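What follows is a short report on a single structure.
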Amino acid sequence: MKIWKWSETQTGNKMKIFRSDGGSEYTSNHFRDQLDELGIQHETSAAEQQWQNGIAERAHRTIMEMAMAMLAHSGLAKRWWAEAVNTAVFTLNRVVHNSTATATPYEAFTGHRPTLANFKVFGCTAFRLVNNPSRRNKLDPNATKCVFLEYAEHQKAYKLYDLEEHKTCTAVHVKFLENDFIGRRSKLDEYLVSHDDDDEEDDELIGNQTSPTRSLSRTASERFTLGTEQQRAPAGSLETKSHFKVPRDPTSQPRSNIYSASQRDHSYTRQDNASPTAHTTDMRMTTDDFNSPPPGMTLRPRNSIRPPRRNFDYQQLACAVDLEDHIQSSITIDGLEFAYSATMHNDDVPQSHSEAMRSADREKWIEAEKLEMKQLLDAKTWKLVELPKDRKSIGTRWTYARKVNANGEAVRYKARLVCKGYSQIHGVDYTDTYSPVVKMTTVRVCLAIAASKGLTILQADADTAFVQATIENGVDLYVDQPPGYGDGTPRKMLLIKALYGLKQAALAWYEHCRTILQDIGFHQSQFDPCLYLRNKTSELEMICTYVDDFLIIAQSRTKADQILDEIEPRMKIKRQGRASYVLGIMFSYDDDNGSITLNQGAYSERILKRFGMSCCHAYHTPEVHDRDDLWNDETQQPTDQELYRSIVGSLMYLMVCTRPDIAHAVQRLSLYVHSPREPHMIGAKRLLRYIKSTPDVGLTFCRNKITLMGYSDASWASRPDRKSVTGNLCLLAGSVVSWKSARQRIVALSTCEAEYIALAEVAKEIIWLRGLLNDIGILQTDATPTFCDNKAAIATAENDNISERSKHMDVRMHFIRQLLKEHRLVLKLVGTADQLADVLTKVSTRAALESFRNLVMSPTKDTPSTQLPMEIPQSAKEFAPVSESG
Numbered sequence: 001m002k003i004w005k006w007s008e009t010q011t012g013n014k015m016k017i018f019r020s021d022g023g024s025e026y027t028s029n030h031f032r033d034q035l036d037e038l039g040i041q042h043e044t045s046a047a048e049q050q051w052q053n054g055i056a057e058r059a060h061r062t063i064m065e066m067a068m069a070m071l072a073h074s075g076l077a078k079r080w081w082a083e084a085v086n087t088a089v090f091t092l093n094r095v096v097h098n099s100t101a102t103a104t105p106y107e108a109f110t111g112h113r114p115t116l117a118n119f120k121v122f123g124c125t126a127f128r129l130v131n132n133p134s135r136r137n138k139l140d141p142n143a144t145k146c147v148f149l150e151y152a153e154h155q156k157a158y159k160l161y162d163l164e165e166h167k168t169c170t171a172v173h174v175k176f177l178e179n180d181f182i183g184r185r186s187k188l189d190e191y192l193v194s195h196d197d198d199d200e201e202d203d204e205l206i207g208n209q210t211s212p213t214r215s216l217s218r219t220a221s222e223r224f225t226l227g228t229e230q231q232r233a234p235a236g237s238l239e240t241k242s243h244f245k246v247p248r249d250p251t252s253q254p255r256s257n258i259y260s261a262s263q264r265d266h267s268y269t270r271q272d273n274a275s276p277t278a279h280t281t282d283m284r285m286t287t288d289d290f291n292s293p294p295p296g297m298t299l300r301p302r303n304s305i306r307p308p309r310r311n312f313d314y315q316q317l318a319c320a321v322d323l324e325d326h327i328q329s330s331i332t333i334d335g336l337e338f339a340y341s342a343t344m345h346n347d348d349v350p351q352s353h354s355e356a357m358r359s360a361d362r363e364k365w366i367e368a369e370k371l372e373m374k375q376l377l378d379a380k381t382w383k384l385v386e387l388p389k390d391r392k393s394i395g396t397r398w399t400y401a402r403k404v405n406a407n408g409e410a411v412r413y414k415a416r417l418v419c420k421g422y423s424q425i426h427g428v429d430y431t432d433t434y435s436p437v438v439k440m441t442t443v444r445v446c447l448a449i450a451a452s453k454g455l456t457i458l459q460a461d462a463d464t465a466f467v468q469a470t471i472e473n474g475v476d477l478y479v480d481q482p483p484g485y486g487d488g489t490p491r492k493m494l495l496i497k498a499l500y501g502l503k504q505a506a507l508a509w510y511e512h513c514r515t516i517l518q519d520i521g522f523h524q525s526q527f528d529p530c531l532y533l534r535n536k537t538s539e540l541e542m543i544c545t546y547v548d549d550f551l552i553i554a555q556s557r558t559k560a561d562q563i564l565d566e567i568e569p570r571m572k573i574k575r576q577g578r579a580s581y582v583l584g585i586m587f588s589y590d591d592d593n594g595s596i597t598l599n600q601g602a603y604s605e606r607i608l609k610r611f612g613m614s615c616c617h618a619y620h621t622p623e624v625h626d627r628d629d630l631w632n633d634e635t636q637q638p639t640d641q642e643l644y645r646s647i648v649g650s651l652m653y654l655m656v657c658t659r660p661d662i663a664h665a666v667q668r669l670s671l672y673v674h675s676p677r678e679p680h681m682i683g684a685k686r687l688l689r690y691i692k693s694t695p696d697v698g699l700t701f702c703r704n705k706i707t708l709m710g711y712s713d714a715s716w717a718s719r720p721d722r723k724s725v726t727g728n729l730c731l732l733a734g735s736v737v738s739w740k741s742a743r744q745r746i747v748a749l750s751t752c753e754a755e756y757i758a759l760a761e762v763a764k765e766i767i768w769l770r771g772l773l774n775d776i777g778i779l780q781t782d783a784t785p786t787f788c789d790n791k792a793a794i795a796t797a798e799n800d801n802i803s804e805r806s807k808h809m810d811v812r813m814h815f816i817r818q819l820l821k822e823h824r825l826v827l828k829l830v831g832t833a834d835q836l837a838d839v840l841t842k843v844s845t846r847a848a849l850e851s852f853r854n855l856v857m858s859p860t861k862d863t864p865s866t867q868l869p870m871e872i873p874q875s876a877k878e879f880a881p882v883s884e885s886g
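One point on numbering: in full-length UniProt numbering, the residue at position 807 of the sequence shown is 807, and numbering is uninterrupted.
Okay, structure coming up:
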């Protein structure tokens, strides 16, 4: 919005209409509210109808074609595309265009004729005068060799890349050799000309995305084009028809928003005075811009470069990205909210009631609204009353979604009336708000048991769940009447039942659901309050609840249906049959072998699309051995924090549910969510490329004997701060049910100490799993074998003596000794080659990852991972199998 205020200040004209495509950045609630506050009308093009926003689309193509031609002509690497785009826009804004008659876009906007004397050839060789003699030896040259990149923003200067200091800089006193191009003939600076990022394929700027308007990122030429016809500066309005837009926002986002640069380990430093931008520069200028030549600058006229006429369709730009506590609690909630909502198809859905009434699916949205209103009225959710004078009402709005199946096909249109809960006042409108959901580890344990015992798994969800819960006594909540469904009076709705959006709605539903399940004989597990258990006639019955989604696990389909029969009179539910698609996770079954497979292929495709990586090159490893000094170099260019957090949060949900193979990569990326820089963004996009190559990889649970096992490993002093990385995982019936990759909180002084800390972590998880299994009815009478590949750590745990090397260890870590004495745990030595937790502690090779996926994530019946590793010195016979019951 700053660009609009800048334009208004510079011209005295106000924007009336803003036209864009239907990208989520333009249809968000925040953006819409800002437009409403400014009184600006927002128009969007229809889906797949780029011609309706043709001015911006064609301008984007013109700019990108010119930029690509400039890169090809100069021989520079594609990583310099942002500078090429900036230079292209700077040039185009100073060239006469048919939409501006005899004036250039620059003159049409500012009223001043620009000078062309300062134009230089992009990528040519340049020599800048050294301005600080005190830092130089008297015999050193007076100039340094550079490459011309672009015209500096907010300065009368040029932006150059210094070949001696390996950094970008700005300079006024420059000599140009416009027929000399280092990029064509030399490898003097590998970072300047190299297109490689590692031993795999190049990062590409151009993809095969068929619809630019569906891309989740836009350049500034798309963001800030006003799609109405231009008048030559009429009083009171600013509307333009030109391809060449209003100037760039001075606080534009960093260029890594659409970063497609090399992932090679470079040690260069970027020290720009003005941040590079991810978006194209529209009319990059101040009010006087570059009209008068800087003092001392050598100027000469030159012929204008004819715009290229290449046939490449650069509209198909696919490597850009949009702006949108398992490991780090600091991860933004944006990514996790997106993860949970991945089961909803939210592309091109209306963002308000008025939008829904104007959309092509108007009738379907009206039908969905009427259904929602009927359900709310049938539930007697509110009563209309006069608003007390000392109270303020809470606003309401409509939200819309298309619910999809496992194939991503829209199966139902949904409209939901929600409250604007952000206006609630603590202590007046609500008190407590926390409500739990089932742990994903608990779900995996239940599925492993179901596969082992051949149990039936059904799926159901509560219909308008929150509305079934009653508002707590003593709290009066007044809300506005629904948009489009008011009775014409100023009366407000006094809520009797909870509505979505209220701060306490989730808690009210949780308590309502708990009461109902307890009434039919289920009790909450002591180890997970959202796992409900019932041992009826010695048959195990389990219900996992995640807000309003239910997994019912019983001995047979008949028994599971009977549970739903008991719930239905007390709660409105929708039976969905055998579990197939829950929380973005696809369930598939092999009844012949008795296996259950989980994967998040549809969710993976959705996050790739969201971040503009649908057409990217796929990689076979999630991370590479980058130099730590590059990742921790604070001089590296900052990147978009909101975008980075959103990517990491979305990947975290994938890792938490079904992808232990990316745990180390996500853990590593999460360390930089507070201040991400370009190397971190490159790492995040590399992980997305790995997801591109393995979208359907998931977890398999087989019909094996129920045996609990743990693996623990550590990578000693592997971090730049010399902290170690812990990795542990737990197997149940041969399938992985729990995993963790985390940086240790203290600096370990030896490999023994690092491994001992890791043992303490896996021991805590095993104790919780044993308690959960006992609660379910699968008694853990024997010690759980836990495998470690460090003899010293095992000896430290098994012996009570205190040595010089171990006397400083925190007492809390020694609780593992108590577990050994109580025979709840037994430590066993495993060879490094058989250490399954190894991939959770370090960057792994492709072969190691494939082995991990085969052994841990996709085991078969009687897979070796259900047996004790071969390199254990003791005989496997000394371990009795874990007993089962129920």
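Glycine residues also receive a C-beta, built at the ideal position from the N, C-alpha and C atoms. As the structure is a computational prediction, the values presented were derived from the model and not from experiment.
Secondary structure at residue i, three-state DSSP: helix, strand or coil?
| i | result |
| --- | --- |
| W4 | helix |
| L779 | coil |
| R853 | helix |
| H523 | strand |
| S718 | coil |
| L819 | helix |
| P569 | coil |
| D33 | helix |
| D561 | helix |
| R444 | helix |
| T433 | coil |
Which residues in the same chain have their Cβ closer than 7 Å to the Cβ of residue i, if we skip the five residues on either side of it in sequence?
| i | result |
| --- | --- |
| V438 | D528, C530, L531, C544, T545 and Y546 |
| Y619 | E200, R686, R689, Y690 and S693 |
| residue 893 | The first residue shown for the chain is 1 and the last is 886, placing residue 893 beyond what the model contains. |
| N29 | Q351 |
Can you tell me where the beta strand (DSSP E) with residue i in it begins and where it stops?
| i | result |
| --- | --- |
| N728 | V725 to L732 |
| H42 | Q41 to T44 |
| Y67 | Looking at the sequence shown, residue 67 is not Tyr but Ala. No beta strand (DSSP E) contains A67, which is instead part of the alpha helix (DSSP H) from G54 to S74. |
Could you give the distance in angstroms between the alpha-carbon of residue i and the alpha-carbon of residue j?
| i | j | result |
| --- | --- | --- |
| Q231 | E43 | No answer about Q231 holds up, because its pLDDT of 34 lies below 50 and its placement is not dependable. |
| Q328 | Y672 | Caution applies to Q328, whose pLDDT of 36 falls short of 50 and renders its modelled position unreliable; the value that the coordinates give is listed next. Taking the straight line from one Cα to the other gives about 10 Å. |
| R557 | C657 | 26 Å |
| S452 | N593 | 10 Å |
| E765 | I366 | 50 Å |
| A82 | V385 | 58 Å |
| D476 | I457 | 41 Å |
| T621 | R659 | 13 Å |
| E363 | E37 | 29 Å |
Report buried or exposed for residue i, applying the criterion of at least 16 other Cβ atoms within 10 angstroms of its Cβ.
| i | result |
| --- | --- |
| L825 | buried |
| E755 | buried |
| N790 | buried |
| Y653 | buried |
| A460 | buried |
| G111 | exposed |
| W51 | exposed |
Can you list, in chain order, the residues of its chain with a C-beta nearer than 8 Å to that of residue i? Leave out the 5 residues immediately preceding and following it.
| i | result |
| --- | --- |
| D140 | V130 |
| M70 | A84, T87, A88, F122 and G123 |
| residue 893 | Here the chain comprises residues numbered 1 to 886, so residue 893 is not present and cannot be evaluated. |
| residue 893 | Limits of the chain in this structure are 1 at one end and 886 at the other, which puts residue 893 out of reach. |
Got a sec, what are the start and stop residues for the alpha helix (DSSP H) residue i sits in?
| i | result |
| --- | --- |
| residue 960 | Since the first residue shown for the chain is 1 and the last is 886, residue 960 is missing from the structure and cannot be characterised. |
| G601 | G601 to R610 |
| S735 | Per DSSP, S735 belongs to no alpha helix (DSSP H); it is in the beta strand (DSSP E), S735 to R743. |
| F466 | Counting along the chain, F466 falls outside any alpha helix (DSSP H), and DSSP gives it neither H nor E. |
| N118 | Where N118 is concerned, there is no enclosing alpha helix (DSSP H), given that its DSSP letter is neither H nor E. |
| residue 898 | Outside the displayed span of the chain (1 to 886) sits residue 898, for which this structure offers no information. |
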